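Here the protein sequences line up with chains F and C, keeping their order.
Every letter in the first sequence is one number past the one before it in the numbering used here, and letter 638, counting from 1, is 642.
Every letter in the second sequence is one number past the one before it in the numbering used here, and letter 20, counting from 1, is 136.
For glycine and all other residues, C-beta sits at the position ideal for the given N, C-alpha and C.
Treat the numbers as computed from the prediction; the structure is a model and nothing was measured.
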Amino acid sequence: MERKHVLPKLEHSLEALSASSVEDSIRRHVKYSLAKPWRDVSSNDLFMAVALSVRDLLTERMLETEEYVRAEDLKTLSYISIEFLIGRLLTNNLYNLRAFELYRQACTNLGIDLDAVEQAEGDAALGNGGLGRLAACFLDSLATLDMPAYGYGINYEYGLFKQDIDDGYQQEKPENWLAERSPWEIGRAEEACLVPVYGHIEHALDRDGGYNPMWMGWKVLIGVPYDVLVSGYGGRVVNILRLYSARSSTDLDMRIFNDGDYFKAVEQKIASETISKVLYPSDAVTAGRELRLVQEYFLAACAIRDTVRRFERNHNDYRQFPEKIAIQLNDTHPALAIAELMRILVDEKALEWWDAWEITRATFAFTNHTLVPEGLERWPVPLLQRVIPRHLQIIYEINGRFLEHVSSVLPRDPGLLKRVSLIEESKPQQVRMTNLSMVGSHSINGVSAIHTGLIKTLLAPDLYKLWPERFNNKTNGITPRRWLLKANPELASLVTATIGEGWITDLGELRKLEGHVEDAGFRDEFRKAKASNKVELARIVHETVRVKVDPDSLFDVQVKRIHSYKRQLLNVLHIVDEYLALVEDGRRPAVPRTHVFAGKAAPGYWKAKQIIKLIHEVGRTINNDSHAQEWIRVVFLPDYRVSLAEKIFPAVDLGEQISTAGMEASGTSNMKMTLNGGITIGTLDGANIEIREEVGEDNFFIFGHQAQELLEMRTLHSYRPRDYYERDPRIRRIVDAFGDNLFCPSDPGLFQWIVDDLLSANDEYFHLADLPSYLDAQEKVSAAYCDRDRWTSMSILNVARVGRFSSDRVVAEYAREIWNLKPV
Amino acid sequence: MKLAVDQIGEVGVAVVPVDELDASNASEFKRDITPVVESNSKLVLDMSRLHFVDSSGLGVILSCLRQLSAKGGDLKLCCMSKQVRAAFELVRMHRIFDIYPNRDEAIRAFES
Numbered sequence: 005m006e007r008k009h010v011l012p013k014l015e016h017s018l019e020a021l022s023a024s025s026v027e028d029s030i031r032r033h034v035k036y037s038l039a040k041p042w043r044d045v046s047s048n049d050l051f052m053a054v055a056l057s058v059r060d061l062l063t064e065r066m067l068e069t070e071e072y073v074r075a076e077d078l079k080t081l082s083y084i085s086i087e088f089l090i091g092r093l094l095t096n097n098l099y100n101l102r103a104f105e106l107y108r109q110a111c112t113n114l115g116i117d118l119d120a121v122e123q124a125e126g127d128a129a130l131g132n133g134g135l136g137r138l139a140a141c142f143l144d145s146l147a148t149l150d151m152p153a154y155g156y157g158i159n160y161e162y163g164l165f166k167q168d169i170d171d172g173y174q175q176e177k178p179e180n181w182l183a184e185r186s187p188w189e190i191g192r193a194e195e196a197c198l199v200p201v202y203g204h205i206e207h208a209l210d211r212d213g214g215y216n217p218m219w220m221g222w223k224v225l226i227g228v229p230y231d232v233l234v235s236g237y238g239g240r241v242v243n244i245l246r247l248y249s250a251r252s253s254t255d256l257d258m259r260i261f262n263d264g265d266y267f268k269a270v271e272q273k274i275a276s277e278t279i280s281k282v283l284y285p286s287d288a289v290t291a292g293r294e295l296r297l298v299q300e301y302f303l304a305a306c307a308i309r310d311t312v313r314r315f316e317r318n319h320n321d322y323r324q325f326p327e328k329i330a331i332q333l334n335d336t337h338p339a340l341a342i343a344e345l346m347r348i349l350v351d352e353k354a355l356e357w358w359d360a361w362e363i364t365r366a367t368f369a370f371t372n373h374t375l376v377p378e379g380l381e382r383w384p385v386p387l388l389q390r391v392i393p394r395h396l397q398i399i400y401e402i403n404g405r406f407l408e409h410v411s412s413v414l415p416r417d418p419g420l421l422k423r424v425s426l427i428e429e430s431k432p433q434q435v436r437m438t439n440l441s442m443v444g445s446h447s448i449n450g451v452s453a454i455h456t457g458l459i460k461t462l463l464a465p466d467l468y469k470l471w472p473e474r475f476n477n478k479t480n481g482i483t484p485r486r487w488l489l490k491a492n493p494e495l496a497s498l499v500t501a502t503i504g505e506g507w508i509t510d511l512g513e514l515r516k517l518e519g520h521v522e523d524a525g526f527r528d529e530f531r532k533a534k535a536s537n538k539v540e541l542a543r544i545v546h547e548t549v550r551v552k553v554d555p556d557s558l559f560d561v562q563v564k565r566i567h568s569y570k571r572q573l574l575n576v577l578h579i580v581d582e583y584l585a586l587v588e589d590g591r592r593p594a595v596p597r598t599h600v601f602a603g604k605a606a607p608g609y610w611k612a613k614q615i616i617k618l619i620h621e622v623g624r625t626i627n628n629d630s631h632a633q634e635w636i637r638v639v640f641l642p643d644y645r646v647s648l649a650e651k652i653f654p655a656v657d658l659g660e661q662i663s664t665a666g667m668e669a670s671g672t673s674n675m676k677m678t679l680n681g682g683i684t685i686g687t688l689d690g691a692n693i694e695i696r697e698e699v700g701e702d703n704f705f706i707f708g709h710q711a712q713e714l715l716e717m718r719t720l721h722s723y724r725p726r727d728y729y730e731r732d733p734r735i736r737r738i739v740d741a742f743g744d745n746l747f748c749p750s751d752p753g754l755f756q757w758i759v760d761d762l763l764s765a766n767d768e769y770f771h772l773a774d775l776p777s778y779l780d781a782q783e784k785v786s787a788a789y790c791d792r793d794r795w796t797s798m799s800i801l802n803v804a805r806v807g808r809f810s811s812d813r814v815v816a817e818y819a820r821e822i823w824n825l826k827p828v
Numbered sequence: 117m118k119l120a121v122d123q124i125g126e127v128g129v130a131v132v133p134v135d136e137l138d139a140s141n142a143s144e145f146k147r148d149i150t151p152v153v154e155s156n157s158k159l160v161l162d163m164s165r166l167h168f169v170d171s172s173g174l175g176v177i178l179s180c181l182r183q184l185s186a187k188g189g190d191l192k193l194c195c196m197s198k199q200v201r202a203a204f205e206l207v208r209m210h211r212i213f214d215i216y217p218n219r220d221e222a223i224r225a226f227e228s
C-alpha cells in the first residue's frame, strides 16, 4: 500500500529553529510553566525550563508519529519491562535532535551554562542494572530505526536507592527522582486503566449451561499513565515510553463523613498507591513478596489494556491482532501479560479458547536474561489464588492443554511432564514463570550465543526438543549515541573527523578506523582523548572519595552490580597478590594501576555488602601504605548510576568482565568499555566470547575455565579448592591475608567468611580454580600496557571492531526475525 | 436510597438511583432493592444512571439474580453504559444476564 505521506527526518523539521527561538522558548517556560520571574530562577528551574523547551520539540513529532502510525494502520511493538534505566535525558535528547550546539548557544546567550543545567538533572533510576538499561537502549534504537513502538513500565516514585558509604558499608537512601513532576513526563489521566486485583472465583453456569467462572470481590486499582517521549537519532519517529502510576479507586472525600471508614479508606488508598511507590532493589527473585507480584500484574494488566485499546481504534476482528501488534516480554516479570491477554480474549471478547491461544502465542515473544536458579521467577499458587484468581485459573487451563499436547508428541518419559509443567509440584505448588513465558510465546531468545545455547541444553531442553524453531539468539547491544557520542565527545569527534558521522547510526562504519591504526596523527589524538577522559575521572574520584589517582596509571575498572557470580572478589584477590608481591617480596608491578570499583548491592544481600566493605578496607590499607601507594590505588565510587557510568567508561584502560563462565547471560558493560577503547580481561562468558571473536584474540585478555568444564566439575563434584590453596603458595598467601586480618586489624575476623567461602564452602564460583590463569593474564596486561604502541593499537582495534554490538543491530534483528515490524 | 419502581404489567422496573455502585453504597442498595426483589418475579434493572460499578456493586446485582432465580423468576438489565458493560465483561457476568439496550426491549423479552 502506498503511504499517503512521509514523515520527514527530525532535523528537517528543526531547520527553522534558531538560537533566538530557543531563547524565547526557555524564557516562556520560566514565565508560564514555572510562573517565575527570570531573576529568581534556580538551577533546577533552569533545567526544568530547558527540558520543557526540548520537550516541545519532541511533542510535535510525537503527535505526528502517532497520527501517521494510526492513519497508516502500521504494526506496532509493545515492549514490556519492569525496569527502564533511562538515566538523564536532556543532553541525550539534544544529541538525538541534533540541536545540542544550538541549545548551548542559546543558553550562553541567556547567561546559562548548559553543562550546569545537565548536572541539575537527576538520573531516572527506574532499574537495577543490565536488564533495565538494555530496555532503555532498545527504546533509543527503536526510535532511531523509525520503528513504531511503545515502552510499558511502572512509574516508580522511588527508583533504585541512592548508595551512601559509611565506614565502608553501603547505606541505602531513598532516591526520589521526581516521578510525576519530571519535565519529561506527560500525565494522561484520561487514559487511566482500571485493574481488578484480589477477590475470588464464583463458579456458575452461563445461559447456555456452560461453565462460567466469575471473578468477584476484587478491589480496583487505577493505572494512570505518564508518557516519556523517546527520540531516536535523526530519525523520523518519536515514540512513547508509558509509565504507570498506581492509584486507589476509592474517592477519599466520600469517606470523610464517616469516621469509621475514613481511616480504612486512607489505609486502602496508601496500600494501592504503594504499588508504584518503589522499585524492588534486587535483580534476584523477590520470592514470595506479594507487593512485587501485584506490581508485575499491575504492569502486565495496564500494558495489555492499553495495547488492546490501541488495536481497537482501527480494528474489531481479533484474528488480526498478531498482524498489528507485537509484544516483547523483557524477562519473566511481565509474563502475566500472557494470561491477561487470554483473559480479555476469552472472558471479555468471547473468543473460543483455541482461537484466543493462537492469537496470544502469535503475538508474544520472550527474552530470557538469566540462567541462575534464583533468577528464575516462581510464584506460590496460594498467593496467585489470592491476588489474581482468574489468571491462575487461566494458567492452569494453559498448562492442562499444554501437557496434553506434550504427551501426544514427545516420547514417553517418566519425568517429562513434571519437568515442563508450568506448575512445580512443591509444597506449596509454584507457577514457573519461565515456562509460562516460553509456552505462551512464538519466539524465545537468549542474549548471547553461549547463553542461548545454555537455554537449549540446560534451562529448557524439553521445550527446545518440542519447538526448536522458537528458539533463537539475539546478542545484546548498546546505543552508540549515549555510550560514545554523548559520553565521550573527544573520541566521538575524532572518529567523526576521521571516518565521517555515519557510525552514529551504523556502528559497523567504525571498521574504517582499521585503516588508520598506523596513522601517527590519529594515534596521537586517540591517546589524547583517553588521557583527557582519565584526567576527568581522576578529578571525579578525588572529588568524591578524596583519593588522588594518577591518570597515567592503568585504569583497571570493574563497574556493575555487586554479586558473587560477577566475582568482584576475584578482582580483589589479584589486587592483594599485587600488593603482597610489592610489600613482602619487593616486586614492583610492571605498571602502576588504579583499580576502580563501583556498583550497588541488593539491600538484603549480605555477602555483596561485605564485598563493598572489603574493597574499602583493601583500598584503605593500600592507599595509605607509603610503599604501595605509588604503584597501586584502589577506589570505590559510590552511587553507581547511568550518569556516573558515562564518566567512567571513556576512561577505562582495562575492563574486568570476570564472571564465572556460564553465569553472565551477556553483559553490556563489556561492550560499553570496548566502544570507548577499553581492552577486556575476561572469561569466556556471555557476550565476551563474541566480543573476542570480533576484536581478535590478540586484542583481548582471556583466562579461566570454560562453562562446560565448570559444569562437569560441578556434576562430578570434582572441584577441590583446598587443593589450590595447599599446592600454590601464592594462592595460600592471598587467602591467608584475609584470615590473618591484614585488611581488618581493628576488626579481627571481619573477612574470615572469605576464607570459609573459598575453602570450606567449596568456592561455589570457582575463584581459586580461575585465579592462576587470571594472575597470568594480568601479567600479560601489564606487559602489554608497558608497550604503549601495542596498547594503543589494541585499543583502536577494539573500537574499530565493536560495531556488531550496537543496539541498532540487535533491534533490527528482533524487528525482522521476531516482530515482523517495519519502519515508518 | 430512594428507588423508583414502575410496574409494567407483571414486570417491575427499578432504576438504579446512583452514578456509582461500589463498596460505599452497595449494602444500602442491597437493603433497598431486597423488598423489590421479594415482591416481583419479573424484574428489570434500569442502569441508565450508573456509570461505575465495582465488585461490591456487581455482587449485589448478582445476588438479586440468584434470589429471583431461586423462586423461578428472572432479572434482566437494560441501558448499560460502556464502562458498566466493561465491568460485566471483565467478570463474565454478561454471560449469565440478559442485557438490553433499552427498557422496552427488556420488558418485551419477558413477554416472549
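The residue from Met677(F), Val224(F), Glu473(F), Glu294(F) with its alpha-carbon nearest to that of Ser172(C) is Val224(F). As for any alpha helix (DSSP H) of minimum length 4 sitting wholly inside the region 425-487 of chain F, the runs are 437-443, 453-458, 465-470, ordered along the chain. Cβ-Cβ distances below 7 Å link Arg365(F) to Gly444, Ser445, His446 in the same chain, with the five nearest sequence neighbours on each side left out; the list follows chain order. Here Phe88(F) carries a strand assignment [DSSP, helix/strand/coil]. The bridge partners DSSP lists for Ala208(F) are Asn216(F). Closer than 9 Å at the C-beta level to chain C, one finds these residues of the region 207-228 of chain F: Ala208, Leu209, Asp210, Arg211, Asp212, Gly214, Asn216, Pro217, Met218, Trp219, Met220, Gly221, Trp222, Lys223, Val224. Around the beta carbon of Gly213(F), fewer than 16 other beta carbons lie within 10 angstroms, which makes this residue exposed. The beta carbons of Val385(F) and Pro432(F) sit closer together than 7 Å. Within the region 153-177 of chain C, the residues whose Cβ lies closer than 7 Å to any Cβ of chain F are, in chain order, Asp170, Ser171, Leu174, Gly175. Approximately 6 Å separates the beta-carbon atoms of Ser276(F) and Arg251(F); this is inside 8 Å, confirming the contact. Among the residues of chain F, those whose CB is under 8 Å from the CB of Ile212(C) are Ala208, Leu209, Asp210, Arg211, Asn216, Met218, following chain order. Ranked by how close their Cα comes to the Cα of Glu227(C), the residues Asp190(C), Leu206(C), Gln199(C) have Asp190(C) in first place.
Of all alpha-carbon atoms in Tyr36(F), Ile348(F), Gln123(F), Tyr173(F), the one lying nearest the alpha-carbon of Leu754(F) is that of Tyr173(F). The shortest C-alpha to C-alpha distance from Arg240(F) to any of Arg531(F), Ser425(F), Arg813(F), Thr69(F) is the one to Thr69(F). In the DSSP assignment, no residue is bridged to Phe809(F). In this structure, DSSP gives Lys166(F) an extended state, which the three-state scheme calls strand. The beta-carbon of Val121(C) is placed no less than 7 Å from the nearest beta-carbon of chain F. Secondary structure note for Gln712(F): it is in no beta strand (DSSP E), and the uninterrupted alpha helix (DSSP H) holding it is 711-720.
Along the region 341-358 of chain F, the positions whose C-beta sits under 7 Å from a C-beta of chain C are Asp351, Glu352, read in chain order. Considering only Gln109(F), Ala354(F), Leu375(F), the residue with the shortest C-alpha distance to Ser25(F) is Gln109(F). The residue among Tyr583(F), Met66(F), Asp144(F) with its C-alpha nearest the C-alpha of Arg813(F) is Asp144(F). Secondary-structure assignment with DSSP links Asn243(F) through a beta bridge to Val234(F). Shown here, Ala39(F) sits in coil according to DSSP, grouped into three states, outside any helix or strand.
Residue pairing by DSSP places Glu660(F) opposite Ile685(F) in a beta bridge. For Asp162(C), no alpha helix (DSSP H) segment is defined; the enclosing uninterrupted segment is the beta strand (DSSP E) at 158-162. Spanning the alpha carbons of Glu206(F) and Ser280(F) requires a straight line of approximately 30 Å. The C-beta separation of Asp49(F) from Val34(F) comes to about 7 Å, placing the pair in contact by the 8 Å criterion. Not a single C-beta of chain F is nearer than 7 Å to the C-beta of Arg182(C).
When secondary structure is reduced to three states using DSSP, Pro152(F) falls in the coil class, being assigned neither helix nor strand.
Of all residues in the region 378-411 of chain F, none places a beta-carbon less than 8 Å from a beta-carbon of chain C. Sequence-distant Cβ neighbours of Leu421(F) in its own chain, meaning closer than 8 Å and more than five residues away, are Leu407, Val410, Ser411. Arg208(C) has a beta carbon lying within less than 7 Å of a beta carbon in chain F. C-alpha of Val521(F) to C-alpha of Arg486(F): approximately 25 Å in a straight line. Taking CB atoms only, Glu144(C) has no neighbour in chain F less than 7 Å away.
As DSSP reads the structure, Ile636(F) sits in a beta bridge with Arg597(F).
Counting only Cβ-Cβ distances below 8 Å, Glu221(C) has no contacts in chain F at all, with the closest Cβ about 16 Å away.
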